[in-house]
Structure formats: C-alpha cells, structure tokens
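All residue numbers for the sequence shown refer to numbering that gives the first Met the number 0, where the first residue is 0 and numbers rise by one.
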Amino acid sequence: MATATAASRAGAEDWSGLELTHRNHFKFGYDGRWFVPRPSASARWQVAYGRARHEPASWREACIDTARLVRAATDLDLWVLYSGGIDSEVVLQAFMFAGIPVRVAITRFAGDLNRHDIAYAIKFCETHEVPYRLLDLDIERFFESGEALAYAHRTRCVQPQLLHTMWAMDRIDGYPILGSGECYLERRDARPGEAPETPRGGVWELLEKERIAAWYRHLLSRGRPGCAGFFQFDPQNMLAFLRDPAVVAMCADRLAGLADSRAIKGAVYRRHFLLEPRPKYHGFENVLALDDALRPELERRFGASDAVARTAYGALMRELVP
Numbered sequence: 000m001a002t003a004t005a006a007s008r009a010g011a012e013d014w015s016g017l018e019l020t021h022r023n024h025f026k027f028g029y030d031g032r033w034f035v036p037r038p039s040a041s042a043r044w045q046v047a048y049g050r051a052r053h054e055p056a057s058w059r060e061a062c063i064d065t066a067r068l069v070r071a072a073t074d075l076d077l078w079v080l081y082s083g084g085i086d087s088e089v090v091l092q093a094f095m096f097a098g099i100p101v102r103v104a105i106t107r108f109a110g111d112l113n114r115h116d117i118a119y120a121i122k123f124c125e126t127h128e129v130p131y132r133l134l135d136l137d138i139e140r141f142f143e144s145g146e147a148l149a150y151a152h153r154t155r156c157v158q159p160q161l162l163h164t165m166w167a168m169d170r171i172d173g174y175p176i177l178g179s180g181e182c183y184l185e186r187r188d189a190r191p192g193e194a195p196e197t198p199r200g201g202v203w204e205l206l207e208k209e210r211i212a213a214w215y216r217h218l219l220s221r222g223r224p225g226c227a228g229f230f231q232f233d234p235q236n237m238l239a240f241l242r243d244p245a246v247v248a249m250c251a252d253r254l255a256g257l258a259d260s261r262a263i264k265g266a267v268y269r270r271h272f273l274l275e276p277r278p279k280y281h282g283f284e285n286v287l288a289l290d291d292a293l294r295p296e297l298e299r300r301f302g303a304s305d306a307v308a309r310t311a312y313g314a315l316m317r318e319l320v321p
C-alpha cells in the first residue's frame, strides 16, 4: 500500500510513489512516461489500462468489488465526495452493499447556490443514516479571490468546475473518493482506409480527457493517497460496464441515432442500482458566470493540457479481458 510520505519526499514535480488506482493499472502521462507533469505543449497525452484479474459477474458486483479494493488500499477513513448526482450515489451504494463504513462530504455553496443539487445527497444520507459533513464554501469568493486560480495552476486545470472539488479534498482528513472515471464512449465514422468496427461503418471509442486527470494531479501534487476515479480504479469495473448489454448494443450500432454513451448511462446505472430520478445537474447552474469569467484565463494559461486520448472499443476490450 502506497503512502503519501514517499511522494512527499520525492517532491511536487516527481509524481512517483502513490498508488492512484489498483496496482496503478490505469496509467496516464506523456510520450511513454507515466505520472509526470506535462513536459511541453507538444508532448503527446497517453493512457493505458491493466488487464482484469478475473471475469466480472455484473457491473453491480464489480462496483462492490471496487469498494472492497479501495478499502484494502488504505488504513485511512474513507470519504465519498457526494455532489447529489448519480455517479457519486452509485459509489456510495457500492460501499453500503459491501458493508464498508464510509463518511460523506458535501460541498455547500454560500447562499444555497447549489441547494438544488446537494438536496439529493443530504436526503440520501439522512434516509440511510450515512454520516455526512457539510463543507461550506463561499464559491464566489473562491473564484474572485484567486484561490481557484491557484488550484488550477498547481494541476494545470482548464475546467473551472473541477476546482472546488480539489478544495473539498483538502478539507477532509482521510482518503477522498470521487465518483469519476466512468467509461465515456463516442461514435465516429471510420476514416478512409480504416477498418470500421460496426455494420454502419463506425468506430466507438473510449475517451480519456486530460482535463479530468487534473483531479489525479491534485492528489499527486499534494502527495496524498486517494481515489480520483472510482469507476476506473480497477479493470474489472471497466470491463463489466463495457459488457453491459446496453453498452454492447450501442457499440454494435444496434441502438440507432446514438452519438455517445450519455444517452444510455442513466438506464445502465438504474439497471444495477436503485436511484431516485432527478434532473442532470452539475451544481454550477446558479454560478455559471464564475465559470465563464475564469475559463478563458485557464485556457490561455493551460490550454495545452486539454488533450483527449481515444481507444477503440474492440482494442480496449482486448486490453482489459483476463
């Protein structure tokens, strides 16, 4: 089990020493070097995945197994950062079904500016008697004071809406867990000379966005252990999701008119977990002006750190299977 001490001794610019996913199966970096800061604007963003240890029974069981692996990875208290969305709720349910106690951290914006989002999180925790802590943040001051920009500078983050989550990770004593790392897939038409993977001449690809890895880079820069992507923490979880019947049908072009996996995500989640219906929120609905004001500056400073790595569905399955 990796500790924060090794990474802290190595220094903020040497990101070796932490186990970010199970046995560091998920790797990211540049030009063949893993877990390093971007060396230049021209460096190529790369990712790689480990092979599953066994065939997962279902995505639900895979999520429960992931919860057990996370518990085994640390002796620290486990904290799920719960926004009120279905991703973090699935993570929380996985720990509950595994019988693993966790605590919940919910970031509450001053003036109830994200009450519409976190109300689902508070209701779930109180209904199921899950201990939770409200982390009160003056989101307007956070952005206007330059504190948000400081987080962006440390992690080369180009997406303002990720920054307050880094702040929340810093507020808890323990092991933070984010409901991130989902398998997001997009369809594109095959290029000339490229063999298509579907009957309609398309290629489905898993996208790994460099901007989202800013959450991993935050943990690395702090030299602290944590789970910045529950759904990619181990390859069994990824493999089980990609083998869900709806995902298989989508990637075989049997679901007409779909351009990406967002259209089926909710149905897949609800097939495996009990989730109260809710609108799709990101929590920033009432403070989008803050995002609009900071985003151009982040893109100017860190725009090079916004690459996307694409892995074809068929190739990815061959990479993940035991």
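Ideal placement from N, C-alpha and C gives every residue a C-beta, glycine not left out.
Computed from a predicted structure; not experimentally measured.
- Here residue 243 is buried, its C-beta having at least 16 other C-beta atoms within 10 Å.
- Counted as a single uninterrupted DSSP element, the stretch harbouring residue 231 is not any beta strand (DSSP E), since DSSP gives it neither H nor E.
- Taking residue 109 as reference, the option from 126, 163 and 216 with the minimal CA-CA separation is 163.
- Within the model, the alpha-carbon separation for residue 54 versus residue 61 is close to 10 Å.
- In this chain, residue 244 is not harboured by any beta strand (DSSP E); it is covered by the alpha helix (DSSP H) spanning 244-250.
- The segment 308-319 makes no contact with the segment 135-145: fewer than 3 CB pairs, one atom from each, lie closer than 8 Å.
- Look at the segment 281-305 and you find these whole runs of alpha helix (DSSP H), each 4 residues long or longer: 287-301.
- Remark: C-beta atoms of residue 215 and residue 75 do not approach each other more closely than 7 Å.
- Around the C-beta of residue 282, 16 or more other C-beta atoms lie within 10 Å, and the residue is accordingly described as buried.
- One alpha carbon belongs to residue 152, the other to residue 265, and they sit about 34 Å apart.
- Selection 313, 193 and 262 evaluated against residue 241 yields 313 as nearest (Cα-Cα).
- In terms of Cβ geometry, residue 235 and residue 51 form a close pair [threshold 7 Å].
- Take residue 47, set aside five residues on each side of it, and the residues of its chain with a beta-carbon closer than 7 Å to its own are 26, in chain order.
- In this structure, the straight-line span from the alpha carbon of residue 185 to that of residue 260 is close to 7 Å.
- Excluding five sequence positions before and after residue 189, the CB atoms of its chain that fall closer than 6 Å to its own CB belong to 195, 200 and 202, given in chain order.
- For residue 105, the secondary structure class from DSSP, reduced to helix, strand or coil, is strand.
- With a contact defined as Cβ atoms closer than 8 Å, residue 20 and residue 233 qualify at about 7 Å.
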